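Engineer:
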Amino acid sequence: MVSVRSFVLAFSAIAPCLAAPAIGPAELLPPHVERRGPSDFFLGPDHPLMLARRNESLERRGMTLEKRTNYVQNYQTGGTVNFTPSGNSFTLNFDTTDDFVVGVGWNPGSTAPITHSGSFAVTKGLATLSVYGWTTNPLVEYYVIEDSAGFSQTGTQKGTVSSDGGSYTIWENVRTNAPSIQGTQTFNQYISVRNGGLSSGIVSIANHFNAWKSHGMNLVTLNFQVIAVETWNGAGSAKQTVTN
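Plus 63 on top of the position in the sequence shown (first one is 1) and you've got this note's numbering.
#1: Below 8 angstroms on the Cβ atoms is my contact criterion, and I expect Tyr195 with Gly150 to pass it. Report the Cβ-Cβ distance as a whole number of Å.
#2: For the alpha helix (DSSP H) holding Ser277, just list the boundary residues, first then last.
#3: If you reduce the DSSP assignment to three classes, tell me which class Phe214 lands in.
#4: To which residues of the same chain is Asn145 closer than 6 angstroms at the C-beta, ignoring the five residues directly before and after it?
#5: Between Ala301, Ala298, Trp197 and Phe287, which lies nearest to Asn170 when the distance is taken from Cα to Cα?
#6: Is it the case that the region 215-233 contacts the region 243-251, given that we only count it when at least three CB pairs across the two stretches are under 8 angstroms?
#7: Where does Pro242 land, buried or exposed, given buried means 16+ other C-beta within 10 angstroms?
#8: Looking at Val203 and Tyr253, is the spacing between their C-beta atoms short of 9 angstroms?
#9: In terms of DSSP beta bridges, what is Gly150 paired with?
#10: Closer than 6 angstroms by C-beta to Tyr50: which residues in its own chain qualify, once you throw out the five before and the five after it? Chain order, please.
#11: If we count the other Cβ atoms within 10 Å of its Cβ and call it buried at 16 or more, is Asn296 buried or exposed?
#12: Can you tell me which residues form a DSSP beta bridge with Phe250?
#13: Under 9 angstroms, do Ala190 and Thr304 count as touching if we go by C-beta distance?
#14: I'd like to check one pair, Gly181 with Ala269: are the Cβ atoms closer than 9 angstroms?
#15: In the DSSP assignment, find the unbroken beta strand (DSSP E) run with Leu192 in it and report its ends.
#16: Given a cut-off of 9 angstroms, decide if Thr159 and Leu282 are closer than it, judged by their beta-carbon atoms.
#17: Hey, quick one: how far does the beta strand (DSSP E) through Ile290 stretch, first residue to last?
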């Protein structure tokens with residue numbers, strides 16, 4: 064990831080998502096109060112958002128519609144992505160020139176802590192391991208980045224938050240006419256970046272939601288929420304498991 068503007072590219076209409084609860088201030092509970100149910104959602108390469116990202120990336124390289132379709136279906140253009148979801152985990156091997164995100168988690172998400180374990184290795188290019196999700200009312204794309212390679216954050220630095228034995232830098236960025244879970248929209252990105260990477264641990268997501276709120280970065284209705292690997296022109300592997 065070179066910058067926040069690299070997160071999302073172009074997008075077509077997304078199928079309706081599951082209804083999600085609102086998270087008002089009273090619902091941002093201390094991490095020990097709330098417990099997650101089993102994971103129930105995979106964000107895979109065939110998700111409409113992922114297809115749109117690859118299509119737009121190929122368009123920027125001047126490829127034909129026929130080649131774009133071939134890549135979307137078979138991963139034969141632009142690189143290789145082997146994503147294998149299973150139960151509450153996934154394995155991933157990738158060597159690609161394009162942007163993609165895969166993950167396992169919940170739809171809708173919640174404010175309960177996320178426990179994840181596994182590996183994350185990048186041999187070249189840019190990639191992140193994060194909690195990745197969306198909210199509506201307002202429409203927000205958010206990341207809690209736990210580990211990364213080749214990553215350089217841009218945007219507006221808002222402050223810091225201490226959580227789960229580490230320190231995170233908080234960033235905010237505005238995306239204009241960009242792809243989202245509601246089509247092409249203008250929306251904010253809220254991002255916490257851990258100083259020093261971890262491939263396994265607990266992410267007390269409520270701590271980040273509360274820290275963001277203290278800087279006027281509000282979230283309301285949760286959509287999907289996953290432990291995700293995202294890459295831009297990268298190669299590597301990952302294996303991640305989430306537990307409740």
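The beta-carbon is built from N, C-alpha and C at its ideal position, and this holds for glycine as well. Keep in mind the model is a prediction, meaning the values are calculated, not measured.
Structural biologist: With the structure as the only source:
#1: Contact doesn't hold; Cβ gap of about 19 angstroms is too wide.
#2: Ile268 to Ser277
#3: coil
#4: Asn156
#5: Phe287
#6: no
#7: buried
#8: yes
#9: For Gly150, which the question treats as bridged, DSSP gives no partner whatsoever.
#10: Nothing about residue 50 can be reported from this structure: the residues present for the chain run from 64 to 307 only.
#11: buried
#12: Arg238
#13: no
#14: no
#15: Ile177 to Thr199
#16: no
#17: Thr284 to Thr306
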